[in-house]
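Worksheet: the structure to be examined is printed underneath.
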Amino acid sequence: MTDAIETVFGTYSAASRGRLDLTYDYETAAIYSFKKILTEIGATTLLDIGANIGVYSIFCSDLPSLRAIHAFEPAPVTHSMLCTNVSLQRRNSTVISAHQIAASSKAGTVSFKIVAPTSGANAIVETREEGLDYIEVKAATVDSILHIRGERVGVKIDVEGHEGDTIWGMEALLRHNECYIQVEALREDRTSRIKQLLEEYGYEYIFSLRDDHLFLHKNLMPHLMPTLAILAQCISSDLRDLMNLRREKRSIAVAARKLREMSGYKKDPLFLPQEADPF
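Mapping of the sequence shown onto my numbering: residues 7 to 285, in sequence order.
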C-alpha cells in the first residue's frame with residue numbers, strides 16, 4: 007500500500023496520478039453526475055467501456071444497488087493498472103470484473119494505437135501511421151460476453167471513435183435492459199449516427215456535457231427531471247470552481263505586479279527581448 011494514493015475517486019497506484027489529474031480537471035461534472043444518476047435510477051449493473059485505469063468503475067463501486075460492474079480495457083499495460091487499482095480499494099471492489107477486451111461489433115483482433123499507457127487517445131484504428139506505436143488486441147461484442155436481461159444498467163462508453171461498433175455489438179443488452187448511457191463522441195457526424203442508432207433501440211437523447219452525450223431508455227423517462235436536476239447541480243459546481251480559479255488567477259496577477267514593482271523592474275521581463283535589460 008506504500009505505492010497507493012488516496013483521492014476523491016478512491017485509492018490508486020502512484021502511476022495513475024497523471025490520468026487522475028486529467029479526470030479531475032476535465033471530467034468532474036461527468037463522473038459525479040454519472041454516479042448520482044445511477045443512484046437515481048437504481049442501477050444494478052455498470053458497464054465501463056474504455057475503462058482506462060478504472061476511475062468510473064472504482065468511484066461507483068460503493069453504490070449499494072450495484073451488484074456487478076464490468077470494466078472493459080484492451081491495452082495490456084493499462085488493463086494491468088486497472089486490476090492493480092481495483093485491488094487497492096477499501097470499498098466494495100469485489101463487484102468489479104475487468105475484461106481485457108476491446109468492445110466492438112465482431113470478434114477477432116484489431117489494431118490498437120498506444121499514445122501512452124493511460125492516455126485517453128489510445129484507440130482502435132483502421133490504418134496505421136508512421137511514428138506511432140501499435141499493438142494487436144482481442145475484440146469481442148459485449149453481447150457475446152454478457153447476457154443480462156431485465157436490469158437497470160449504467161453504461162459509459164469512451165472508445166475514441168469506435169462508438170458505433172461498440173453500440174452495434176451490444177444491441178441485445180441495450181434492447182433488453184433499461185439503461186442510462188453516457189457516450190463520448192467528438193465529431194458531429196458520429197454523434198448524429200449514435201443518436202439515430204440508440205433511438206432505434208428505444209433510447210431518448212437528453213443532454214450533452216460537451217462531448218459526452220446522454221441517453222435514457224424510454225421506460226426511464228419518469229426519471230428525466232431528477233436527472234436533469236442532477237446535471238444542473240454538477241455543472242453549477244464546476245462553474246463555481248471555475249469562478250474561484252479566475253479570482254485566484256486575478257489575485258496572483260495583482261500580487262506578481264506588486265512584487266515586480268517592488269523589485270525594481272521597469273517592465274515585465276517575460277515580454278522583453280532576450281538581450282534587453284529589464285532594470
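By construction, the Cβ of each residue, glycine as well, lies at the ideal position given by its N, Cα and C atoms.
Given Cys-240, which residues of its chain have a CB within under 6 Å of its CB, disregarding the five upstream and five downstream residues? Start at 1 with the first residue of the sequence shown, and residue 240 comes out as number 234. Excluding residues within five positions, the ones whose Cβ falls inside 6 Å are Ala-35, Tyr-38 and Ser-39.
For Tyr-211 and Arg-23, I'd like the C-alpha separation in whole angstroms. Within the sequence shown, the letter at position 205 stands for residue 211. Within the sequence shown, the letter at position 17 stands for residue 23. A direct Cα-Cα distance of roughly 33 Å separates Tyr-211 from Arg-23.
Does the segment 166-173 come close enough to the segment 189-200 to have 3 or more Cβ pairs within less than 8 Å? Yes: at least three Cβ pairs fall under 8 Å.
Provide the residue(s) that pair with Phe-213 in DSSP beta bridges, ordered along the chain. Working through the sequence shown from its first residue, we reach residue 213 at position 207. Bridge partners of Phe-213 according to DSSP: Leu-220.
Take Phe-65 and list the residues in its own chain whose beta-carbon comes closer than 7 Å to its own, dropping the five residues that flank it on each side. Walking along the sequence shown from the start, residue 65 turns up at place 59. Excluding sequence positions up to five before and after Phe-65, its CB lies within less than 7 Å of the CB of Phe-15, Gly-16, Ile-37 and Lys-41, all in the same chain and listed in chain order.
What is the residue span of the alpha helix (DSSP H) that Ser-198 lies within? Along the sequence shown, one-based indexing puts residue 198 at 192. Annotation for Ser-198: the continuous alpha helix (DSSP H) segment containing it runs 194-206.
What number of angstroms, rounded off, separates the C-alpha of Ala-145 from the C-alpha of Val-121? Within the sequence shown, the letter at position 139 stands for residue 145. Within the sequence shown, the letter at position 115 stands for residue 121. Approximately 19 Å between the Cα atoms of the pair.
Identity of the residue in Ala-108, Gly-114 and Tyr-18 nearest Asn-128 by Cα: Within the sequence shown, numbered from 1, the residue matching residue 128 stands at position 122. Comparing Cα positions, the closest option is Ala-108.
Which residue's Cα is closest to the Cα of Ile-187: Gly-208, Ser-86, Pro-228 and Ile-163? As a working note, residue 187 is residue 181 in the sequence shown. Of Gly-208, Ser-86, Pro-228 and Ile-163, the smallest CA-CA separation from Ile-187 is found for Ile-163.
Do you know offhand how far Lys-119's Cα is from Arg-263's? As a first step, residue 119 is located in the sequence shown; it is residue number 113 there, counting from the start. As a first step, residue 263 is located in the sequence shown; it is residue number 257 there, counting from the start. Their backbone Cα atoms lie some 46 Å apart in a straight line.
Assign Ile-107 to one of three DSSP states: helix, strand, or coil. Translated into positions along the sequence shown, residue 107 becomes position 101. Correct three-state label for Ile-107: coil.
Local conformation of Glu-184 per DSSP, three classes: On the sequence shown, residue 184 is found 178 positions in, with the first residue counted as 1. Three-state DSSP puts Glu-184 in a strand.
Closer than 9 Å to chain C by CB, Glu-157: Given the protein chain composition of this structure (a single chain), no chain C is represented.
Exposed or buried, which one is Leu-138 when buried takes at least 16 other CB atoms within 10 Å? On the sequence shown, position 132 is the one that residue 138 refers to. So Leu-138 counts as exposed.
May I have the straight-line CA-CA distance separating Ser-99 from Leu-72, to the nearest angstrom? As a first step, residue 99 is located in the sequence shown; it is residue number 93 there, counting from the start. As a first step, residue 72 is located in the sequence shown; it is residue number 66 there, counting from the start. The C-alpha of Leu-72 is placed about 11 Å away from the C-alpha of Ser-99.
Tell me whether Phe-15 sits in a helix, a strand or coil according to DSSP, three-state version. Looking up residue 15 in the sequence shown gives position 9. Phe-15 falls in the coil class under three-state DSSP.
Would you say the beta carbon of Ser-150 is closer than 8 Å to some non-hydrogen atom of the ligand GTP? With respect to the ligand GTP, the structure shown offers nothing to examine, as it has no ligands at all.
What separation, rounded to the nearest whole angstrom, lies between the Cα atoms of Val-148 and Thr-45? To locate residue 148, count along the sequence shown from 1; it is residue 142. To locate residue 45, count along the sequence shown from 1; it is residue 39. Rounded to whole angstroms, the gap between the alpha carbons of Val-148 and Thr-45 is 23 Å.
Glu-157 to Gly-208, Cα distance in whole Å? Residue numbering aside, residue 157 sits at position 151 when the sequence shown is read from its first letter. Residue numbering aside, residue 208 sits at position 202 when the sequence shown is read from its first letter. So the alpha carbons of these two residues sit roughly 15 Å apart.
Please give the ranges of any alpha helix (DSSP H) in the segment 43-112, keeping only runs that are unbroken, at least 4 residues long and fully inside the region. If we require 4 residues or more, the alpha helix (DSSP H) runs fully inside the segment 43-112 come out as 61-66 and 82-93.
In the DSSP assignment, find the beta strand (DSSP E) that holds Gly-170 and state where it starts and stops. In the sequence shown, counting from the first residue as 1, residue 170 sits at position 164. Here Gly-170 belongs to no beta strand (DSSP E); instead the alpha helix (DSSP H) covers 169-174.
Cβ distance (whole Å) where Ala-74 is taken to contact Val-92 below 8 Å: The residue you call residue 74 lines up with position 68 of the sequence shown. The residue you call residue 92 lines up with position 86 of the sequence shown. About 13 Å separates the beta carbon of Ala-74 from that of Val-92, a gap too long to meet the 8 Å contact definition.
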